[in-house]
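Number of protein chains: 2
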Amino acid sequence: MGKEELNGGKSKRSKNPLDPEEFRRQGHKVIDFLADYYLNVADYPVRSNSQPGDLRRLLPDHAPISGEPFDAILRDIQSFIVPGLTHWMSPNYFAYFPSSGSTAGFLGEVLSSGFNVVGFNWLSSPAATELETLVMDWLAKALGLPESFLFSGGGGGVLQGTTCEAILCTMLAAREKTLRKIGTHRVADLVVYASDQAHSAFQKAARIAGVQPENYRTLPTTRADLFSLSPDLLRRTISKDMEAGLVPFFVCATVGTTSSTAVDPIKALCEVANERNLWLHVDAAYAGSSCVCPEFRHYFSGVEGASSLSLNAHKWLLTNLDCCCLWVKDPSALTAALSTDPEFLKNEASESKKVVDYKDWQVALSRRFRAMKLWLVLRTHGITGLQSILRSHVAMAERFRCLVAGDRRFEVVVPRTFAMVCFRLRPAAGLSSEETNELNRRLLEGLNESGRACMSHAVVGGDYVIRLAVGATLTEQRHVDSAWRLVQQLADALLGAAIINGR
Amino acid sequence: MGKEELNGGKSKRSKNPLDPEEFRRQGHKVIDFLADYYLNVADYPVRSNSQPGDLRRLLPDHAPISGEPFDAILRDIQSFIVPGLTHWMSPNYFAYFPSSGSTAGFLGEVLSSGFNVVGFNWLSSPAATELETLVMDWLAKALGLPESFLFSGGGGGVLQGTTCEAILCTMLAAREKTLRKIGTHRVADLVVYASDQAHSAFQKAARIAGVQPENYRTLPTTRADLFSLSPDLLRRTISKDMEAGLVPFFVCATVGTTSSTAVDPIKALCEVANERNLWLHVDAAYAGSSCVCPEFRHYFSGVEGASSLSLNAHKWLLTNLDCCCLWVKDPSALTAALSTDPEFLKNEASESKKVVDYKDWQVALSRRFRAMKLWLVLRTHGITGLQSILRSHVAMAERFRCLVAGDRRFEVVVPRTFAMVCFRLRPAAGLSSEETNELNRRLLEGLNESGRACMSHAVVGGDYVIRLAVGATLTEQRHVDSAWRLVQQLADALLGAAIINGR
Numbered sequence: 001m002g003k004e005e006l007n008g009g010k011s012k013r014s015k016n017p018l019d020p021e022e023f024r025r026q027g028h029k030v031i032d033f034l035a036d037y038y039l040n041v042a043d044y045p046v047r048s049n050s051q052p053g054d055l056r057r058l059l060p061d062h063a064p065i066s067g068e069p070f071d072a073i074l075r076d077i078q079s080f081i082v083p084g085l086t087h088w089m090s091p092n093y094f095a096y097f098p099s100s101g102s103t104a105g106f107l108g109e110v111l112s113s114g115f116n117v118v119g120f121n122w123l124s125s126p127a128a129t130e131l132e133t134l135v136m137d138w139l140a141k142a143l144g145l146p147e148s149f150l151f152s153g154g155g156g157g158v159l160q161g162t163t164c165e166a167i168l169c170t171m172l173a174a175r176e177k178t179l180r181k182i183g184t185h186r187v188a189d190l191v192v193y194a195s196d197q198a199h200s201a202f203q204k205a206a207r208i209a210g211v212q213p214e215n216y217r218t219l220p221t222t223r224a225d226l227f228s229l230s231p232d233l234l235r236r237t238i239s240k241d242m243e244a245g246l247v248p249f250f251v252c253a254t255v256g257t258t259s260s261t262a263v264d265p266i267k268a269l270c271e272v273a274n275e276r277n278l279w280l281h282v283d284a285a286y287a288g289s290s291c292v293c294p295e296f297r298h299y300f301s302g303v304e305g306a307s308s309l310s311l312n313a314h315k316w317l318l319t320n321l322d323c324c325c326l327w328v329k330d331p332s333a334l335t336a337a338l339s340t341d342p343e344f345l346k347n348e349a350s351e352s353k354k355v356v357d358y359k360d361w362q363v364a365l366s367r368r369f370r371a372m373k374l375w376l377v378l379r380t381h382g383i384t385g386l387q388s389i390l391r392s393h394v395a396m397a398e399r400f401r402c403l404v405a406g407d408r409r410f411e412v413v414v415p416r417t418f419a420m421v422c423f424r425l426r427p428a429a430g431l432s433s434e435e436t437n438e439l440n441r442r443l444l445e446g447l448n449e450s451g452r453a454c455m456s457h458a459v460v461g462g463d464y465v466i467r468l469a470v471g472a473t474l475t476e477q478r479h480v481d482s483a484w485r486l487v488q489q490l491a492d493a494l495l496g497a498a499i500i501n502g503r
Numbered sequence: 001m002g003k004e005e006l007n008g009g010k011s012k013r014s015k016n017p018l019d020p021e022e023f024r025r026q027g028h029k030v031i032d033f034l035a036d037y038y039l040n041v042a043d044y045p046v047r048s049n050s051q052p053g054d055l056r057r058l059l060p061d062h063a064p065i066s067g068e069p070f071d072a073i074l075r076d077i078q079s080f081i082v083p084g085l086t087h088w089m090s091p092n093y094f095a096y097f098p099s100s101g102s103t104a105g106f107l108g109e110v111l112s113s114g115f116n117v118v119g120f121n122w123l124s125s126p127a128a129t130e131l132e133t134l135v136m137d138w139l140a141k142a143l144g145l146p147e148s149f150l151f152s153g154g155g156g157g158v159l160q161g162t163t164c165e166a167i168l169c170t171m172l173a174a175r176e177k178t179l180r181k182i183g184t185h186r187v188a189d190l191v192v193y194a195s196d197q198a199h200s201a202f203q204k205a206a207r208i209a210g211v212q213p214e215n216y217r218t219l220p221t222t223r224a225d226l227f228s229l230s231p232d233l234l235r236r237t238i239s240k241d242m243e244a245g246l247v248p249f250f251v252c253a254t255v256g257t258t259s260s261t262a263v264d265p266i267k268a269l270c271e272v273a274n275e276r277n278l279w280l281h282v283d284a285a286y287a288g289s290s291c292v293c294p295e296f297r298h299y300f301s302g303v304e305g306a307s308s309l310s311l312n313a314h315k316w317l318l319t320n321l322d323c324c325c326l327w328v329k330d331p332s333a334l335t336a337a338l339s340t341d342p343e344f345l346k347n348e349a350s351e352s353k354k355v356v357d358y359k360d361w362q363v364a365l366s367r368r369f370r371a372m373k374l375w376l377v378l379r380t381h382g383i384t385g386l387q388s389i390l391r392s393h394v395a396m397a398e399r400f401r402c403l404v405a406g407d408r409r410f411e412v413v414v415p416r417t418f419a420m421v422c423f424r425l426r427p428a429a430g431l432s433s434e435e436t437n438e439l440n441r442r443l444l445e446g447l448n449e450s451g452r453a454c455m456s457h458a459v460v461g462g463d464y465v466i467r468l469a470v471g472a473t474l475t476e477q478r479h480v481d482s483a484w485r486l487v488q489q490l491a492d493a494l495l496g497a498a499i500i501n502g503r
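Those sequence lines, one after another, are chains W and S. Numbered according to UniProt numbering, the first sequence spans residues 1 to 503. Numbered according to UniProt numbering, the second sequence spans residues 1 to 503.
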């Protein structure tokens, strides 16, 4: 046992586990630890080199009997945990959609965790609920959403953890609304619709909600339509299902799909949904944030016809995980599906109906004070600050696209719409489609194994493509340029450096 | 515009939103802010005095166009947010079940938020997944759970946000298992069981899972049975339902109900469930943590017969919100109900089946790195530290019980089992049951309005009772004593101070 443990030991353990001065001392250490982490994170292998079981082999298999000193724990985090992380905060991280943390988003989470209030209803912490209603109206205005999604317009917003929960809750609202009309026993007749590019969250929500697997319609898209959902196909499929005696009730449209950032035509899809009185949810998990910039707002055109819309502020709005913003036009549909009224939560404010009780807008009862971090982000950066940050990501992605387009060994697979580029090595003469896919798979694996950048893949129209998504907050142009040079070097090695190419 | 804004303005905004030195500077300020908050929190009115709309009236109705300096935002938090909070961290907080934050739990959350990894599968951050499997095994051992709930025994644990999600996920696992046998179209025949004391999370989960409302069985309990679920009644009800052609599939038993900390007889209930091959989930949201102390472990006796068990480390295990620990005996039942396998997440490690992909153990895809905070709590305090903290809460509750029992105007309504006391003013001569309830309602409202303590209520066997739950981390004996004096003073005023009483 080291000197430190002897020092820290008895006196520390006799203190309250939330002793304010000990909290202060350790808190400062953790802030310095994280600041140093951000200073160094560019140098770490982006994707962890861990093998399955590595961490469990390094750590004891029982909790300690006696408490351990904080400094020893912090050292273990540096020695054992950090090497096992895939560094989403690295400037060289371009995989999936990056998680967009920032100082403001982080500090908001820190304050929420410090206050540690459980805002299930208004009374349990009025400011937590009211800040959430405020910040959801603020953001709706900043995105140019129609008044009907704001509290002042009869709608309203709520912070969920993730898009999965947002889609599930809206689907449940739509389900209950429909079953109230046709009878709850007809749940097996319900049908849901989305494109084959929709996020897996759509199918998972349908499964949880008890929709029969044969009643998930994932409608095919085409390269010619840039992988967007065809309103005509949706209309025809709905009609066919109705003729078969089924009950279409929910459509999920996407603005910015995960595979290729495809954008479904919201206006036309809403028209189809509204003809048949279906609930249409807009999943704008990634791309929704872009609408703080007027030049992207046209992708939401027609959204006034939708029933609900969600985006993840933790994806592209500088807010640390988790923070999914969901707006609905008719909150009563949500609360009719999700409200409970146990005796122990009864109170005058709730009964007055003058307040929002967010427990009835989500799956869980307990909820963290997520509004704080989104409020801090909006205030710290302001609308113009957010615009300039998002535009810088778009500009970096566009520059990457130009670099790819300038090397004739490569192709950009779909047009760049936001801050993500889908590219691949072109099919070379004599290579089959599967061989081309395999070559790209090896290129990506080599890149991720190098630890110098991290990207991910998709399969789009049968083609294996590499996705570079700019969005990690520390990323600068030089990191994007390095990532491209790395791609080229790996391509040189894969294809044979002697081949003369267009660079 | 103040000098500060001029200072902080341009230069700050030109920096990266995650500039490490700015992060460090602001991070230290927030730590000091929270340390000071804990120093002062005992002096704040525990339940906020806010009126509906107060906060929204104080704040602008649009996000700012330009960013604002951090110090101004922090001042607003002190001026506008703090007065609108109900202070769950106050030592005078005794309502619901307190949220049990601590320095270790807080710092774990801070580190997770700083790393900001999205651990949907093993590959996306191996250490996040492996630390979670480790810490769930550690805690299972500390609680004396059977080997069959550990990864080493073929089971395993996962960190969910809340009990609502844990009950929902286990119910979905049980639903899918049952429907695979009887056909998915028979969802309307499914029946679920719990006592009338079970948490509203049970009914909410059943509703989300598409169980027909007429098929929720909330079985009546009695005062004679201390409000615990009768195994005989359960057996008879299940038989009756089966005879009617329905399909019983899920039982939720509770260790430590919200109203009165009643404990269902786990062993006998598991026997009933196992006779009929039903899934039995043990909801030990509050009281489960007590099993780190051997003297409480007998309440889990027979748990080896259950299919799953959950407890909230954010309720009584020093871990900041949110942290619900769920163990299941058969993880494949969970993943069969909740897994998705989208192309963009495919990877070698997952295909090798050597790793856990927690996305398939929960509703959401994205997930925070919650294991960090639970690991920090277990290491910082060790098993003996946690035991002594929980025992101190129990001792304080027991002392409060004695104080109540020593004042003949009051009665303790049910025996104290953990760290919660249910009490009320006794029915006085000539008062109806409803008048007695009203008197207690006024007593509680007066207490909460005073701001000097915060408690909540339940209705138990028709009686309105006041609940004092010890568990807020800063609470010491003197705070419990003060709360009792406050109760007495309010009773004096309500009943007339002139009445000679037994004190």
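No residue lacks a Cβ here, since even glycine has one placed at the ideal position from N, Cα and C.
Check	Outcome
The region 21 to 35 of chain W in contact with the region 28 to 41 of chain S per 3-pair CB rule at 8 Å	yes
Cβ distance (whole Å) where N116(S) is taken to contact N116(W) below 8 Å	Not confirmed; about 20 Å, so no contact.
Runs of beta strand (DSSP E) wholly within the region 420 to 493 of chain W (minimum 3 residues, chain order)	420 to 425, 456 to 460 and 463 to 469
Nearest residue (CA-CA) to P49(W), options V82(W), L386(W) and P294(W)	The sequence given here places Asn at residue 49(W); Pro does not occur at that position. Closest by alpha carbon: V82(W).
P248(W) - containing beta strand (DSSP E), residue span	V247 to T254
Cβ shell of I266(W) (< 8 Å), same chain only, five flanking positions each side left out	A253, V255, V282, Y299, F300, S301, G302, V303, G305 and A306
Proximity test, Cβ basis, 9 Å: S456(S) and chain W	yes
Contacts of W88(W) in chain S (Cβ-Cβ under 7 Å)	N116, V117 and V118
Any chain S beta carbon closer than 9 Å to E343(W)	yes
Beta-carbon separation (whole angstroms), F120(W) vs S366(W), contact threshold 8 Å	6 Å
Neighbouring residues, chain W, relative to S48(S) (Cβ below 9 Å)	L123, S125, P126 and A127
Residues bridged to V282(S) [DSSP beta-bridge criterion]	A253(S) and L309(S)
Unbroken beta strand (DSSP E) run spanning A194(S), endpoints	L190 to S195
Proximity test, Cβ basis, 9 Å: N312(S) and chain W	yes
Partner residues on chain W for R379(S), Cβ-Cβ distance less than 8 Å	A63, P64, G67, E68 and I73
T218(W), DSSP secondary structure in three states	strand
DSSP-derived helix/strand/coil call for Q26(W)	helix
Reduced DSSP secondary structure (H/G/I, E/B, other) of C293(W)	coil
Boundaries (first-last residue) of the beta strand (DSSP E) holding V412(W)	F410 to V412
Minimum C-alpha distance to Q489(S) - residue among S124(S), P52(S), A333(S) and L444(S)	L444(S)
Buried versus exposed, by CB contacts within 10 Å (16 or more), N312(S)	buried
Alpha-carbon spacing of R399(S) relative to D76(W), whole angstroms	40 Å
Under 9 Å between C-beta atoms of G245(W) and D189(W)	yes
Amino acids of chain S, ordered along the chain, whose beta-carbon sits closer than 7 Å to that of V414(W)	Under the 7 Å cutoff, chain S gives no residues; its nearest Cβ is about 14 Å from V414(W).
Test item: CB-CB of V470(S) and V394(S) under 9 Å	yes
Partner residues on chain S for W138(W), Cβ-Cβ distance less than 7 Å	H62 and A63
Contact check, N448(W) vs L425(W), beta carbons under 9 Å	no
Chain S contacts made by the region 242 to 257 of chain W, where a contact means CB separation under 7 Å	none
Spatial distance of residue 516(W) from V192(W) (CA atoms)	The structure shown has nothing for residue 516(W), since chain W only spans 1 to 503.
Cβ of K181(S) within 9 Å of any chain W Cβ	no
Interface partners of I466(W) on chain S, CB under 7 Å	By Cβ distance, chain S contributes nothing, its closest Cβ being about 11 Å from I466(W), past 7 Å.
The region 159 to 189 of chain W: positions lying closer than 7 Å to chain S by Cβ	G161, T162, C164, E165, L168, L172, T184, H185, V187 and A188
Burial state of A174(W), where buried means 16 or more other Cβ atoms lie within 10 Å	buried
Euclidean distance between Cα positions of G53(S) and E130(W)	7 Å
Beta-carbon contacts of Q203(S) that lie in its chain and below 8 Å, excluding the five residues immediately before and after	Y216 and T218
Beta carbon proximity, G385(W) to chain S, threshold 9 Å	yes
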